[in-house]
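Reminder that position 92 of the sequence shown reads as 1420 in my numbering, one-by-one numbering, no gaps. C-beta: ideal position from N, C-alpha, C; glycine also. First comes the structure, then the notes that go with it.
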Amino acid sequence: GPTAHLCAFLLRGSSRALEGIPLIDLMQNEEDKAHFREVSNGRGDAHVIHVSMRDGNDTFIEVEMFCFVFEGLDATTRYLVGLREFTDRSPSVGQLPGWTSEAACMAAPQA
């Protein structure tokens, strides 16, 4: 169905898991929801916003959302939305997020 890729992205399993659920209901906080409402009310301009969304493991992930609102050939309002996982910070090369050198030494096998 039309939600298959979104379900895979958010670890929801079945492609029907999100049918009928408004995209805004997957956002974490009211600020994100208000920002999405603001950019989705205009037409003609593309917008990029950062929001937190809940995945299938009930974990919040940071997402960069590309939004474009336009009028379809049938004169109804249409929405084009693209998502990608996003973070401003990236772990150091060779280091897992949340790991410190001390934790790595503690986890390493002792000789």
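Where residue i falls: helix, strand or coil (DSSP)
i, result
"A1336", "helix"
"A1403", "coil"
"R1412", "strand"
"L1424", "Any reading at L1424 needs caution, since the residue's pLDDT is 47, under 50, leaving its predicted position unreliable; the model's value is listed next. If DSSP states are grouped into helix, strand and coil, L1424 belongs with coil."
"T1331", "coil"
Classification of residue i by the beta-carbon crowding that lies within 10 angstroms, buried from 16 upward
i, result
"T1331", "buried"
"V1409", "exposed"
"V1376", "exposed"
"L1354", "buried"
"L1401", "exposed"
Residues bridged to residue i (per DSSP)
i, result
"L1346", "L1346 pairs with nothing; no bridge assigned."
Whether or not the region 1338–1349 and the region 1360–1375 are in contact is what I'm after, with contact meaning three or more pairs of Cβ atoms, one per stretch, closer than 8 Å; do they touch?
Under the 8 Å Cβ criterion, the region 1360–1375 does not count as touching the region 1338–1349, having fewer than three qualifying pairs.
Can you list, in chain order, the stretches of the alpha helix (DSSP H) that have 4 or more residues and sit fully within the region 1341–1400?
Taking only runs of at least 4 residues, the alpha helix (DSSP H) segments lying wholly in the region 1341–1400 are 1358–1368.
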